[in-house]
Amino acid sequence: MGSKILNYIALILVIIGAINWGLVGLIKFDLVAFLFGNLSLLSRIVYILVGVSGIYLLTFFGLLNDISDNE
């Protein structure tokens, strides 16, 4: 159960990061910086957690391969 919660948290953080980068690219608006301050400690923690979550979710590529092998 703990692993499932970690997967959901990582997925949510990566989605937040994707939305933030989309906003930066489209309208030059950094939502994380707006909410927590430009490179404040809290915004840096959010950026780090998003990055770590992205690296963690790289392990899902192996799961995708396993799923396609079973079909």
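For my numbering, add 8 to where a residue sits in the sequence shown, where the first one is 1.
Each residue gets a CB set at the ideal place from its N, CA and C atoms; glycine is no exception.
Report task. State yes or no: is the C-beta of VAL32 nearer than 8 Å to some heavy atom of the ligand ATP? Result -> Among the components modelled here there is no ligand, and therefore nothing to report on the ligand ATP.
Report task. Spell out a yes or no on whether the segment 61-75 and the segment 33-42 are touching, meaning 3 or more CB-CB pairs, one atom from each, closer than 8 Å. Result -> no
Query - ALA18 versus LEU65 - alpha carbon distance - result: 7 Å
Query raised in the report: From which residue to which residue does the alpha helix (DSSP H) around PHE37 run?
Result: Unbroken run through PHE37: none, as it is neither H nor E.
Query raised in the report: Going by Cα to Cα distance, which pick from GLY10, ASN73 and VAL54 is closest to ASN28?
Result: VAL54
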